[in-house]
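J.: Counting from 1, one number per residue, gives the positions in the sequence shown under this note's numbering.
Glycine included, every Cβ here is placed at the ideal spot set by N, Cα and C.
This is the structure, below, for whatever I ask next.
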Amino acid sequence: MNQKRPQITVVGSINMDLVVCCDRFARPGETITASSSSEISGGKGANQAVAAALAGSDVRMVGRVGDDAFAGTLLNNLRLHDIDCDGVSETQDCPSGLAVVTVEASGQNAIMLVQGANGRVTQQDIESQRNAIETADVVLLQLEIPLDAVLATIAIAKQAGVRTILDPAPAPRVWSDELLDVDLVCPNETEAAAITGRPVETIEDANNAAQELHRRGCKNVVITLGDRGSVLYTNNTLHHFTAHKITAVDTTAAGDAFAGALGVRWAETNDLAKAVRFASAAGAIAASRHGAQPSMGTRSMIEGRGE
1 MNQKRPQITV VGSINMDLVV CCDRFARPGE TITASSSSEI SGGKGANQAV
51 AAALAGSDVR MVGRVGDDAF AGTLLNNLRL HDIDCDGVSE TQDCPSGLAV
101 VTVEASGQNA IMLVQGANGR VTQQDIESQR NAIETADVVL LQLEIPLDAV
151 LATIAIAKQA GVRTILDPAP APRVWSDELL DVDLVCPNET EAAAITGRPV
201 ETIEDANNAA QELHRRGCKN VVITLGDRGS VLYTNNTLHH FTAHKITAVD
251 TTAAGDAFAG ALGVRWAETN DLAKAVRFAS AAGAIAASRH GAQPSMGTRS
301 MIEGRGE
């Protein structure tokens with residue numbers, strides 16, 4: 001019997017990424033020559049949507065684009081992945097979200113965001129997409145749209161008994177524990193440190209941070225640690241998962257690939273340990289290839305790395 005495809009709704013950002021590749025980051029006041037540049041569809045929300053679609057789910061996207069030339073490209077790219085964009089509104093007299101991404105030879109990146117239309121997502125937008133939220137198996141969220149829109153989504157999903165996953169990136173300057181009223185939060189080590197106010201540099205640090213986030217209100221916590229793997233805290237138990245061995249090329253969308261795949265596999269299996277292993281493979285594939293959405297792996301590629 002064929003398994004029913006999970007229904008994933010992503011509420012979040014849609015950006016055009018202007019990607020510049022270089023040997024190393026420029027120092028303050030320094031000008032260096034880059035090796036290449038490109039325009040690639042991105043945004044944490046859209047990236048998660050593409051990752052979830054490629055991992056084997058039906059996806060609905062909720063967000064905003066501007067009225068500029070990028071808007072059509074961004075929407076067309078989502079539709080190429082069979083993502084339902086009925087919940088995406090065009091914002092008049094406003095540019096689409098923009099990210100300037102610098103990638104150095106090691107694969108590490110630095111990103112500057114211009115919110116554009118993402119900053120115009122409102123509680124009314126969320127309310128208008130109530131059905132897309134209430135009928136999902138899992139709702140994926142990030143923090144590149146206004147906080148009140150994120151909280152409105154969490155409230156609707158909770159009332160409907162729908163699971164929510166929050167990737168708390170970028171970590172806000174002022175954190176609200178209201179954001180932990182989700183079913184799972186999945187920061188990386190930098191974001192976990194920003195939220196807890198403590199360094200997260202070792203697996204033990206990550207274990208402590210995961211337990212603190214649980215104490216502060218989140219049922220389940222996953223902290224990703226790059227080449228040191230990830231930590232899961234669920235059912236009062238800590239788990240550590242080793243990382244896949246890869247040569248990192250571009251880590252821009254590794255976290256988004258992880259979150260998208262995590263939502264799909266959790267919906268399929270109701271087993272977070274299996275979901276984290278699946279997500280780890282998806283993140284590794286993304287980190288080993290260039291670009292945001294172009295780096296995402298298909299279901300067969302993810303399964304080929306094992307669970």
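Please look up how many angstroms separate the CB atoms of residue 209 and residue 222, rounded, as I've assumed it's under 8 Å.
T.: That belief does not hold up - the Cβ atoms of residue 209 and residue 222 are roughly 11 Å apart, past 8 Å.
J.: Could you work out which residue in 57, 172, 283 and 235 is closest to residue 227 when comparing CA atoms only?
T.: For residue 227, the nearest C-alpha among the options comes from 283.
J.: What number of angstroms, rounded off, separates the C-alpha of residue 287 from the C-alpha of residue 49?
T.: Each residue's alpha carbon lies about 17 Å from the other.
J.: Please state whether the Cβ-Cβ distance between residue 291 and residue 57 is less than 9 Å.
T.: No, these two residues do not count as a Cβ contact at 9 Å.
J.: According to the neighbour-count rule (16 or more other Cβ atoms, all chains shown, within 10 Å of its Cβ), is residue 112 buried or exposed?
T.: Burial call: exposed.
J.: If you check the beta carbons only, do residue 10 and residue 139 fall under 9 Å apart?
T.: The answer is yes: Cβ separation under 9 Å.
J.: Within 10 angstroms of its Cβ, does residue 1 collect 16 or more other Cβ (buried), or is it exposed?
T.: Reliability of the predicted coordinates at residue 1 is poor, the pLDDT of 39 falling under 50, and the value obtained from them is presented with this limitation in mind. That one is exposed.
J.: For the beta strand (DSSP E) containing residue 241, list its first residue and its last residue.
T.: Start and end: 237 to 241.
J.: Identify the continuous alpha helix (DSSP H) that holds residue 73 and give its terminal residues.
T.: Counting along the chain, the alpha helix (DSSP H) containing residue 73 begins and ends at 69 to 80.
J.: My understanding is that residue 248 touches residue 107, with C-beta atoms under 8 Å, so please give their C-beta distance in whole angstroms.
T.: 3 Å between Cβ atoms; contact.
J.: Touching or not, the segment 231 to 248 and the segment 17 to 33, by the rule of three or more beta carbon pairs under 8 Å?
T.: Touching, no, given that fewer than three Cβ pairs across the two stretches are closer than 8 Å.
J.: Taking the DSSP output, what are the residues bridged to residue 186?
T.: Its beta-bridge partners do not exist; DSSP assigns none.
J.: Can you check the segment 111 to 176 for any beta strand (DSSP E) of at least 3 residues that lies completely inside it and give the ranges in chain order?
T.: Segments of the beta strand (DSSP E) lying fully in the segment 111 to 176: 138 to 141 and 163 to 166.
J.: Taking the beta carbon of residue 103 as the centre, do at least 16 other beta carbons fall within 10 Å, making it buried, or is it exposed?
T.: It counts as buried.
J.: Would you kindly report the start and end of the unbroken beta strand (DSSP E) that includes residue 313?
T.: The chain is shown from 1 up to 307; residue 313 falls before or after that span and cannot be answered.
J.: Pull up the CB-CB distance for residue 136 and residue 8, whole angstroms please, since I reckon it's below 8 Å.
T.: About 6 Å; that satisfies the 8 Å criterion.
J.: Exposed or buried, what is residue 44 when buried is set at 16 or more other beta-carbons lying within 10 Å of its beta-carbon?
T.: Buried: at least 16 other Cβ atoms inside 10 Å.
J.: Within the same chain, show all residues whose beta-carbon is closer than 8 Å to that of residue 149, passing over the 5 residues directly before and after it, in chain order.
T.: Closer than 8 Å at the Cβ level, and outside the excluded window around residue 149, lie 11, 121, 122, 123, 125 and 126.
J.: With distance defined between alpha-carbon atoms, name the residue in 63, 167, 87 and 42 nearest to residue 184.
T.: Residue 184 has its Cα closest to that of 167, out of 63, 167, 87 and 42.
J.: Please classify residue 8: does DSSP put it in a helix, a strand, or coil?
T.: The answer is strand: DSSP assigns residue 8 an E or B state.
J.: Please report the Cβ distance between residue 116 and residue 293, rounded to the nearest whole angstrom; I am assuming they are in contact, meaning their Cβ atoms lie under 8 Å.
T.: 18 Å between Cβ atoms; not a contact.
J.: What is the DSSP secondary structure of residue 308, reduced to helix, strand or coil?
T.: There is simply no residue 308 to check, as the chain begins at 1 and stops at 307 in what is shown.
J.: Tell me residue 84's beta-bridge partners as DSSP assigns them.
T.: Residue 84 pairs with 60.
J.: Compute the Euclidean distance between the alpha carbons of residue 267 and residue 6, then round it to the nearest angstrom.
T.: Roughly 6 Å between the two C-alpha positions.
J.: For residue 99, which of 72, 81 and 46 has the nearest alpha-carbon?
T.: Of 72, 81 and 46, the residue nearest in Cα terms is 46.
J.: Relative to the alpha-carbon of residue 301, which residue among 18, 55 and 17 has its alpha-carbon at the smallest distance?
T.: When each option's Cα is compared against that of residue 301, the closest is 55.
J.: Are residue 51 and residue 253 close, meaning C-beta to C-beta below 9 Å?
T.: Against a cut-off of 9 Å, the Cβ pair of residue 253 and residue 51 comes out as a contact.
J.: Which whole-angstrom value describes the C-beta separation of residue 258 and residue 275, a residue pair presumed to lie in contact below a C-beta threshold of 8 Å?
T.: Between residue 275 and residue 258 the Cβ distance is about 10 Å, and since that is not below 8 Å, they are no contact.
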